[in-house]
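Participant: Using this note's numbering, the letters of the sequence shown correspond one by one to residues -9 to 1091.
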Amino acid sequence: MALKLLHPTVISADINATLNVVIVPGIGLLRPAGWRNSSGEWLKMIQKRHGERVRIWHFDYEAIKGQSILQSLLQQSHVLPTALHQLNPRDLPCRAILVVCQSLGGLIWKQVILSSPKVSQTINNLKAYTNMAEKRHENNNVLDHIFGVVFLGTPHIEDTSQLDINIVETIVRASAAPFNFLSFTQEDNQMIALISKGFSDFTGHIISTFETVQSKYRGVKWKVLAKEHAVLPSNPGAEIYGIPSSHENLCKVEIGGELYKAIARLIDTAVFKHEVFSIPQVVTEVSSSSLIECHKEKTQDRVSSLLSIEHKQETLSASAGYSSTFSYEVVPSTNHFEPEQPKLRIPCFSVGSQTRKTPFFGRDDVLRSIDKSLLPDSIQSPIDEGSIRPSGNLKTFALCGAGGIGKTELASEYIFTRRDKYLAIFWVTADSRNVLLEDFARIAVEIGLQEKDEAGDLAEACELVKGWLCNPVKDAESPLSSPGNEIPWLLVLDNVDDWSTIEDFWPTTGIGSILITSRDPLSRSHVFTAQHGLDLEPFSSSDSLEFLHVVSQNPFKGSPGSAKALARWAGGLPLVINAMASTMSAQNLTYDMMLSLLEKDGFAAVSVEGIPQMHLLPDVSVSIASMIGLACLDECTQSLIYVLSFLNPDSIHQKLLIDITDEVQLSTFPKNYDELSYAQNKLQKASLITFNESTHTIRMHRIYQDIVRESLTPQVRVRALSTALEIASEAWVYQPLENRFNTARYEACSAVFPHVDRVYQHYEKLFRSRQIGASEQAASLFNDAGWYCFERGLPHESKPFYRLTQSICEALQQTSPSEKVASLLRENHNNQGSAANETNNPQESLHHNLTWISLMRERISSDGQQKIDYELGCAYNEVGVAYAMNNMYSLALDFFEKSISTYKSLPDYDEKWLGWPLPNIGMVYWIQGNHKLALEVLHRMREIYETAYGRDDRQSFKTGKVLYGIGNVYLSLGDLEHAMEYHLRALSQWSETLGTGHHRIGDVSHKIAQDLIGQGQFEKAQEYLTQALRIFARRPHHRQEHARTTFRQGQLYLASGNIDQAEQSFKAAHKQRQSLMPQDVRSWDELSEKDYDKLVIFMSR
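Pasting the structure below:
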């Protein structure tokens, strides 16, 4: 027998293994039993990982004397399939096979897998090729179950024109092969090239390696196999690894290294597939065409059993999931996408909970400077009435200065006193990306760009607002320069701590005004602000004294000299002056008494992270924590300010603090409205918070928040944060798994989300530093907050919430495991898999979904059997999606079927549940070229939805997914009329349920453009392509879609006769694709539409 079992003492040969790993070694190189290095024997480690489920075999052969080395190798391609049949006997269920090829041993395997008669006939002098294509069916029982191949230094050469060496000779001379009977021929390179080209049809997983360390032969060092000889141009999905080893040592894989992990992942996936679907598949000796027909019948039977559909003969044919050429029949179409122009609500004063602070003191010179920079053209300053703003484009001004110097109050005074100078004023909090997104969504609704029930996608709302800021007109049909059409606007970006946070929100063009507040002294010279701005200076001594009088509720008594001394102590900081006034009022102190306390006791310097020390005089510093008298507050009031310090400071609704049903961690926290009002009034009198009577919201200065948190002991800090967490969780509207994508909760969650986001930031910091324990409530809140982000078009922003949730759940499983924690962890992996889907990360999707299904299989019902419920059906569907994303369509269909059968087995089965797996089956059939079955499946799902919701369903985006798939199938069949009909219906449905800026709108716009190109309607096609490109350009995780649509743009130019522009677009698309697939070295003119379609996940094709 040519196959020898490795490690027979570890596992016996008669075990019914899940996976067979077959090693095909090179000539003259180290045998598999010696494949070890300092990290250990990696094959043995693989064996230990899976025990009896994996067997590792060594294909033992010797070079044949009297033949060239290449002929000798290829001769083994007759022997290897026979040996493999012993691993997969025809009368037993098939097991998956993974082939590991060392160096030139990979040529044996390529010859086995080769199926191209054309290539076979090209090399007439190689007997190894004789009748390979005709006899391939004899080996189907093994060849059809090859899961993947790992090449450890096997050459892949399709073009030999630049090759000036005999690659076979170069490799062999680095080995220990006996050269006296091995020969090389001039045809060696050509033969390898032809074999490599013939291998391009292989659809399994491929890992290929090359060395980065030189080999040594007779004192000469050289690299045997360069990177360009390890890349598979015709198999762009192959994983390529450069290994820091010489060619002969590539087999000594480092345990724990990247290559080891990649091979281990491949084996894990193969093992998992077999364990879930161990269905016997008997293959008889029939012709290739019969096998194809058998496969078609089996697939039709699969659909029939699921849907009870009567099959009709299919007569149409087209490409499998890809569009063809432009030779469509021209079908006139009057349907097209024309979005309604929004009815703007002008004037618009969208400032959230921002209020004017009274009384406001001084700063006329600063207000005058802001007027000079920001007022609309030809508007006079209310301070200097003769001053006219010069004309210009985007106007910017940055107010910089230390915390507590009065930047936000000054900006607030500006918007309220200049309200009549602008037709639109917007205020947003710029210290958090997530809060910025919520603020921009609020603006979109309040100015009329969206209705409240349309504001689902936060990213879309952001783009709508940015788009309007760049073109602020009353009538979009009229030019900006039309009389009375321009709308002067002012945008305030408050608390810009990190400039990268606002980059995605900054209008790229425009004629409005932007006012920035920031602690960063460089803000006024930042590239955005174009050097307009100033550093806000502290009050002078005289202004400080006057301000102290202004903010005093009652005139203070004492000598003028003491009052002036206190003003000097304050250092001109409004926040400190306010604190002094509040302390004096609360303790009924005179100027003399307050000064005496300061001179007697002094104050410790404040040094909170992110806040500069406030040295007010050269040798004196003031502790604001002491100044505001936290220690003097009663326990109830202390608890309130402690909790407020962990919430979003700009808008804390009073109702949030009242509607608490359970006991909280801080036992002294106000328990009812009366206690809350008492504590709130105490804090207001101390000027620690402000309260807006009209909106019932509390504001707290960020500096005060920082100071309060810093003053807490570790124990109190944890209890205060836990109470803030409990408050946010109580107000949050959770979404159960079976009711996802329901927009009813968005408005309520939008109001609470800024607080959830702020609690998340504090909790993560303490959790990662092990200052706070794992909390089941925190895991629940952050997991659902992540899903809320996901539903609202922010899959990337959802990931940090998910990662923290996973860490919390894993910690809880160690300390206090429960079914609730297990359920949360399962849902968390589901969520992370969905986020990976939406951000074009197939590997991450597969990892999380396989973890999810693995956790699902651990659940046991009361009768000792595996628990079967709705969640299990969801899990099977999502694993199918992950496999389809990784182009593993057979596995994907298996899991989709499992999902359907699971749903149908439940007593409360609802046919609408098929809306997850059934459209996915249809899309996979379309990609595989089974158009008849695809249409049957997709139309069946359409009928289900129309029966439940009517023809114009607006309940869920899933109906649009079905319509999109139907349009794609008709397009592949060349039926442009029906393709256009269903694509336009999908566009309309998604526009209603997802919003016009969602990436799915980009997908269907891409397809409608393709429909229109086929009809010769090039101008209208351009509108849709522009729409798609604009959507895909917004987020970096849509680069794949952007590259594909750029290629489509080139096709449009080509169809309309713009050859030069077509070439530019094709080259631009090629450049984008190269950044995504650097291993594919083909030039731009060698790529087809199919190459770009493969970039995109199956649901978006």
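Ideal placement from N, C-alpha and C gives every residue a C-beta, glycine not left out.
Exposed or buried, what is residue 853 when buried is set at 16 or more other beta-carbons lying within 10 Å of its beta-carbon?
Facilitator: The residue is exposed, with fewer than 16 neighbouring Cβ atoms inside 10 Å.
Participant: Grab me the residues of residue 938's own chain with a C-beta within less than 6 Å of its C-beta, minus the 5 sequence neighbours each way, in chain order.
Facilitator: So the qualifying residues of the chain are 902.
Participant: Mark residue 335 as exposed unless 16 or more other C-beta atoms lie within 10 angstroms of its C-beta, in which case mark it buried.
Facilitator: Label assigned to residue 335: exposed.
Participant: Sort 704, 749, 353 by Cα distance to residue 713 and report the nearest one.
Facilitator: When each option's Cα is compared against that of residue 713, the closest is 749.
Participant: Compute the distance between the beta-carbons of residue 775 and residue 743, then report whether it is under 8 Å.
Facilitator: In contact: residue 775 and residue 743 (Cβ atoms closer than 8 Å).
Participant: Please classify residue 876 as buried or exposed, where buried requires at least 16 neighbouring CB atoms within 10 angstroms.
Facilitator: Residue 876 is buried by the Cβ-count criterion.
Participant: Looking only at its own chain, which residues have a Cβ that is under 6 Å from the Cβ of residue 66, when we skip the five neighbours before and after it?
Facilitator: Taken in chain order, the residues that qualify are 51, 98.
Participant: Pull up the CB-CB distance for residue 771 and residue 719, whole angstroms please, since I reckon it's below 8 Å.
Facilitator: So it is a contact: roughly 5 Å between Cβ atoms.
Participant: Would you kindly report the start and end of the unbroken alpha helix (DSSP H) that includes residue 725?
Facilitator: Careful: residue 725 lies outside any alpha helix (DSSP H) and carries neither H nor E.
Participant: Take residue 951 as the anchor and find which of 962, 1051, 974, 965 has the nearest alpha-carbon.
Facilitator: When only C-alpha atoms are compared, the closest one is 974.
Participant: Tell me whether residue 415 sits in a helix, a strand or coil according to DSSP, three-state version.
Facilitator: Strand.
Participant: Taking the straight line between their C-alpha atoms, what separation do you get for residue 486 and residue 620?
Facilitator: Computed Cα separation, rounded: 28 Å.
Participant: In or out: residue 663 buried (at least 16 other Cβ within 10 Å) or exposed?
Facilitator: Label assigned to residue 663: exposed.
Participant: Excluding the 5 residues preceding and the 5 following residue 477 in the sequence, name in chain order all residues of the same chain whose CB lies nearer than 7 Å to its CB.
Facilitator: For residue 477, where only same-chain residues beyond five positions count, the Cβ hits under 7 Å are 336, 413, 414, 462, 463, 464.
Participant: Note down, one range per segment and in chain order, each alpha helix (DSSP H) of at least 4 residues found wholly within the region 793 to 849.
Facilitator: Listed in chain order, the complete alpha helix (DSSP H) runs (minimum 4 residues) inside the region 793 to 849 are 809 to 828, 832 to 847.
Participant: Taking Cβ positions, are residue 45 and residue 69 nearer each other than 8 Å?
Facilitator: Not closer than 8 Å, so no.
Participant: Alpha carbons only, please: which of 399, 395, 362 is nearest the one belonging to residue 385?
Facilitator: Per the Cα distances, 362.
Participant: When the distance is taken between beta carbons, is residue 867 closer than 8 Å to residue 907?
Facilitator: In this structure, residue 867 lies closer than 8 Å to residue 907 by Cβ.
Participant: Would you kindly work out how many angstroms separate the C-alpha atoms of residue 665 and residue 698, rounded to a whole number?
Facilitator: Straight-line Cα distance between these residues: approximately 21 Å.
Participant: Can you tell which of 977, 747, 9 has the C-alpha that lies nearest to the C-alpha of residue 259?
Facilitator: Nearest of 977, 747, 9 to residue 259, Cα basis: 9.
Participant: How about residue 85 and residue 135: do their beta carbons lie closer than 8 Å?
Facilitator: Contact: yes.
Participant: What's the call for residue 61, buried or exposed, on a 16-neighbour Cβ count within 10 Å?
Facilitator: Buried: at least 16 other Cβ atoms inside 10 Å.
Participant: I believe residue 389 touches residue 573 by the beta-carbon criterion, under 8 Å. Please report the beta-carbon distance rounded to the nearest angstrom.
Facilitator: About 27 Å separates the two Cβ atoms, so there is no contact after all.
Participant: I'd like the list of long-range same chain contacts for residue 147, defined as Cβ closer than 8 Å, with 5 residues on each side in sequence excluded.
Facilitator: Excluding positions up to five away in sequence, the list reads 153, 157, 179, 182, 183, 186, 219.
Participant: Rounded to the nearest angstrom, how far is the Cβ of residue 1036 from that of residue 1058, given a contact under 8 Å?
Facilitator: Yes, they are in contact, since the Cβ atoms of residue 1036 and residue 1058 sit about 5 Å apart, within 8 Å.
Participant: By how many angstroms is the C-alpha of residue 539 removed from the C-alpha of residue 344?
Facilitator: Going by the C-alpha atoms only, they are around 25 Å apart.
Participant: Report the rounded CA-to-CA distance for residue 860 versus residue 727, giving the unit in angstroms.
Facilitator: So the two alpha carbons sit approximately 9 Å from each other.
Participant: Pull up the distance between the alpha-carbon of residue 103 and that of residue 225, whole angstroms please.
Facilitator: Each residue's alpha carbon lies about 14 Å from the other.
Participant: Check residue 458 in the structure and name its three-state DSSP category.
Facilitator: Three-state DSSP puts residue 458 in a helix.
Participant: State the DSSP-derived secondary structure class of residue 1, mapped to helix, strand or coil.
Facilitator: Here residue 1 scores only 42 on pLDDT, less than 50, and its place in the model should not be relied on; the value that follows carries that caveat. If DSSP states are grouped into helix, strand and coil, residue 1 belongs with coil.
Participant: Can you have a look at residue 108 and say buried or exposed, based on whether 16 or more other CB atoms are within 10 angstroms of its CB?
Facilitator: Only weak support is given to the placement of residue 108: the predicted model assigns it a pLDDT of 36, under 50, and the question is left unresolved by the model.
Participant: For residue 33, which residues of its own chain have a beta-carbon under 7 Å away from its beta-carbon, when the five flanking residues on both sides are left out?
Facilitator: Only -4, 22, 25, 46 meet the Cβ criterion.
Participant: Would you say the region 89 to 98 touches the region 137 to 146, given that touching needs at least three Cβ pairs under 8 Å?
Facilitator: Touching, yes.
Participant: Thinking just about the alpha-carbon of each residue, which of 649, 672, 671 is nearest to the one in residue 661?
Facilitator: Selected option, being the one with the closest Cα: 649.
Participant: Can you name the residues that DSSP bridges to residue 11?
Facilitator: Paired residue(s): 46, 88.
Participant: Are the CB atoms of residue 733 and residue 1027 within a distance shorter than 8 Å?
Facilitator: Cβ atoms of residue 1027 and residue 733: not closer than 8 Å.
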